[in-house]
Amino acid sequence: MTDFFNKTDLSRKDAENIVSDTLNNCDDGELYLENSKSESIILDDDRIKSSSYSSDLGYGLRAITGEVVAYSHSNEISKNSLKQSADNLKSTLKSKKGTYNNSISKTNEKFYNNINPIEKKSLNSKLELLKEVNNYVRSKGAIVQQVTASFAGEHKAIEIIRSGGEVLTDVRPLIRFNVSVMLENNGKKETGVYGIGGRQSYDDYLKDDNWKKVCDEAFRIASVNLDSKPAPAGEMKVVLGPGWPAILIHEAIGHGLEGDFNRKKTSAFHDLMGQRVASEGVTIVDDGTLHNRRGSLTIDDEGTPTEKTILIENGILKNFMQDRLNARLMNTRSTGSGRRESYKHVVLPRMRNTMMLNGKYSQEEMIRSVDKGIFAVSFGGGQVDITSGKFVFNCTEAYEIINGKIGSSIKGATLIGDGPSILKEVSLVGNNMMLDPGIGTCGKAGQGVPVGVAQPSILIDKMTVGGTQL
Amino acid sequence: MVKDKDHLKKIASFCIDVAKKLGATSSSAAVMHSISETVNFRNKKIDESDRSDSLGVSLTIYIGKKKSSISSSNLFEENIRELIERCIETTKITPEDEFNSLPDKELLATEIKDLNLYDTDHISNDEKIEYLKEVEESAFEKKEIINTETGFSEMKSNFILANSDGFLNGYKSSSFSASCVAVAKTNGKMERDYEFTSTCHLHDMARPNQIGSIAAKKTIQKLGPKKIESEKINIIFDRRISKGILSTLASTISASSIARGTSFLKDKINEEIFSSSINIYDKPNIIKGLGSRYFDSEGVKTEKLKLVDQGTLKHYLVDTYYGKKLDMKSNGRCGGTSNLFFEKGSISYKDLLKLNAKCLYITETIGHGSNLVTGDYSVGATGFMIENGVFKYPVSEITIAGNFKDIFKNITLADDLEFKYATNAPTMLIEGMVVAGK
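Protein chains in written order, with my numbering: chain A, 1 to 470; chain B, 471 to 908.
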């Protein structure tokens, strides 16, 4: 456990006193302390391109009254610095008066172990494996032009001190292993990327030659794209594969169900609670409690234990995702969704692992039912405009469907749709739900946090495919 | 107050000295301190205040041709010492790379001409609030506006770059920015747009009423959009979007993409990649420029480059490492471009809109649909249909697609270049892109 007070003139008692004094007349707030270590080792271009290690320490002091949030953060943990932050908060909230809400639920359940993944695997064995990866992929043939492979590991210890001296702590490991392959054939170049990760040690993911599967998958995606033809343009039926394509759910629906946008009435979903927003058979949850998953948290960044939140049940909108601030202002409870990238960032309601649950159809049935459309298996990034509800994402592996059969692979397709209506176009929900491999990072207001997604295959009756072939 | 030069120099020198004692053959250290204060307003009420005080150090250690780096915001001396020890151990077992080295000494910046990048003026949070009130009042003058979010940020920073070849230099900079996001509603459907101002000096900021009224106007224009048929159509990029073409160019001509073979512009130096009317500059020494700098992130001096001359690619963006790999000298572009811009075109904005009987004017793109290996481009877009130079109706939920190789050759620029960002382009007509809609 990190002791945040052993090297500074600020004692725990001082910190508790400053926190209690600052938050005395506020509705909510806390002192958040963070000590994180992270590493990144990258092989590229046949050599170790970079190895870096980072150690970060800092605090964020937050006070909230009514709708107003005052925040001040610094990497200098000292009496002076914390007092300056406290003064800054008081000056913002000088004319406001609130009543501190002491209640915060507690949990003894942990969804990952207290390990430091960086130290659990020696640097030598990481360097050795990267070399093996490079050799393994390049042995697949002369068409392999470039191989990039990387380890990213993190160990983050946090402590939350609330007014009155209540203390909550968590230690969060996180790793990711990634392989990117560029192939060239007849002057045509294509890349394929694949990765795995979560909140366990590197070897939990890489053992039993599992790393070879990551390489094979990156190589396979690049190969498929080498033979691809330009994507069609226009509205058509789309079958999404299971697992990672659930970032469609994340972008199209998830962001619009975050509490802040709904309290501020800027989300297209803000007045749809209790109404039908999806076809019958569509159930979507956001779950922070899956063991060792990338988006899982024992407690969120305000100290609230996470949970499995039902967002949409059988097509009906049931809950938004809430942090303490938005929950209080909307007269509901926090769903344990208050997250921040680091001590440098304010808390926002965010997704954890967002999942569409199983229906009863097979993927084959869906594809058979499509005369003309596309089958999207994997995606790159996505983005949404919360207010208009329009979202896009880019296919990295997709095929045309003609007369109920999968045809040639297509490349460079962007899918665009409308969040509030897209789930009403879902006509079949598959029985093959899969979790993504543990690679997602969600961006909001300039903050990136690790997330997960899951879904079975689904058939969407109408979406616009943005290719070049009219 | 941001920490002074001497304070930062002390930390940087400490790192270089400890590294040397522990066995580094060379090293470089960067120390950066910044303080920023932000106030956010929403619907005429204060929503958030945020103060950030951030001091960090990063250090790269070389032992011969081996290299490794660390960074930290935990500046307790004991911790820094431990990190450097760790970095030395890591460096020792990292394989050699013949291209690893500090920049050539004769390329390091020596002379520094003041570019006026630091404004000592300070604006208190109460004064920021006055500014934001005015912004929101002018936005709410339009009855369609139902929601506004505005913010004002002030940032002051100071940094020092040092290396074991004796380079030790740095400078202060400041930034002031304010923005307004407005939401308008009609028939139960909402749209959103924005306006902002961002400058080095406080008194150069746009007037608050300007920010509010432009944000409101742009938002209201977007109400009631239509989806259009899929077709091949000429497209006009608003200045918000046209600058993205330069960002794509910068990524594809960076020495790293060229050396790694992952750019569609590999081996295109001295070839015509744009139409012959196009000239592109990267100019680091613009007074108060948002992308101005005295040297690049390795300390190498930076000079003005004409990257594209009459359509022909003249330079890559070269740093020390990839320069050695490509057998080229660094041109001071480690960390990317500075003030990158298209030379303005010869036709007015109004005439550009009239060049075609019908075209699609794009004001926003979403998604990450640029493939720099193949040049394929496909993004979601919103904008307006223009007929005979007149804005007819807003358009949304469409995608636009093409390939940068074709796009570059089919660009016509208006004469309305302004310096609002670090990377700037005039309004741009692109012929022959494909729109996917209904």
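Even glycine gets a Cβ: it sits at the ideal position worked out from N, Cα and C. No experiment lies behind these values; they were computed from the predicted model shown.
Annotation for M675/B: no beta strand (DSSP E) segment contains it, and DSSP assigns it neither H nor E.
The residue from T718/B, L783/B, S724/B, T722/B with its alpha-carbon nearest to that of S745/B is L783/B. For V392/A, the nearest CB of chain B lies under 9 angstroms from its own CB, placing it at the interface with that chain. Taking C-beta separations shorter than 6 angstroms and ignoring five residues to either side along the sequence, the partners of Q447/A in its chain run E341, H345, following chain order. Under the Cβ distance rule, N633/B does not count among the residues neighbouring chain A, no pair being separated by less than 9 angstroms. Taking a cut-off of 8 angstroms on C-beta distances, the segment 879-899 of chain B does not touch the segment 855-864 of chain B, as fewer than three cross pairs fall below it. Under a 10 Å Cβ-count criterion, G164/A is classified as exposed, with fewer than 16 other Cβ atoms of the shown protein chains found around its own Cβ.
Taking C-beta atoms as the reference points, T564/B and S38/A fail to come closer than 9 angstroms. Nearest neighbour of S122/A by Cα position, chosen from Y202/A, H270/A, S105/A, turns out to be Y202/A.
Listed in chain order, the non-local C-beta contacts of G802/B below 6 angstroms within the same chain comprise D766, V770, K771, T772, local neighbours out to five positions each way being set aside.
DSSP places M433/A in the coil class of the three-state scheme, outside both helix and strand. About 5 angstroms separates the Cβ atoms of M321/A and T335/A, confirming a contact at the 8 angstroms cut-off.
Here DSSP, grouped into helix, strand and coil, assigns L796/B to helix.
For R276/A, the beta-bridge partners assigned by DSSP are I316/A.
In this structure N326/A is in contact with P349/A, their Cβ atoms being roughly 6 angstroms apart against a cut-off of 8 angstroms. Shown here is that no member of the segment 288-316 of chain A has a Cβ falling below 8 angstroms from a Cβ of chain B. Contact of A231/A with chain B is assigned, a C-beta pair being separated by under 9 angstroms. In the three-state reduction of the DSSP assignment, Y112/A falls in the coil class. Between the segment 736-743 of chain B and the segment 792-812 of chain B, the count of C-beta pairs closer than 8 angstroms stays below three; the two stretches do not touch. Contact annotation: the segment 647-656 of chain B touches the segment 683-703 of chain B, with at least three C-beta pairs closer than 8 angstroms. Residues of chain B whose Cβ lies closer than 9 angstroms to the Cβ of V69/A are, in chain order, N510, D517, E518, S519, D520.
Bridge pairing for V392/A: Q383/A, I416/A [DSSP]. Under DSSP, E834/B forms a beta bridge with T852/B.
Contact note: C557/B reaches chain A through Y53, using a C-beta cutoff of 8 angstroms and chain order.
Within the segment 412-423 of chain A, the residues whose Cβ lies closer than 9 angstroms to any Cβ of chain B are, in chain order, G412, A413, T414, L415, I416, G417, D418.
For P117/A, the uninterrupted alpha helix (DSSP H) run begins and ends at 117-120, by DSSP.
With 16 or more other Cβ atoms inside 10 Å of its own Cβ, T92/A counts as buried. By the Cβ-count criterion, E280/A is exposed, with fewer than 16 other Cβ atoms from all chains shown falling within 10 Å of its own Cβ. The distance from the Cβ of T495/B to that of T414/A is about 49 angstroms, inconsistent with a contact at the 8 angstroms cut-off. One thing to note: G467/A has its Cβ within 9 angstroms of the Cβ of V904/B. The beta carbons of N88/A and S74/A sit about 10 angstroms from each other, so the pair does not count as a contact at 8 angstroms.
Taking a beta-carbon distance threshold of 9 angstroms, R551/B does not count as an interface residue toward chain A. With a 10 Å radius around the Cβ and a threshold of 16 neighbouring Cβ atoms, V426/A comes out buried. Proximity of H155/A to chain B, defined by a Cβ-Cβ separation below 9 angstroms, is not satisfied.
CA-to-CA, the gap between I877/B and I900/B works out to about 6 angstroms.
Inside the segment 547-587 of chain B, DSSP marks no whole beta strand (DSSP E) run of 3 or more residues.
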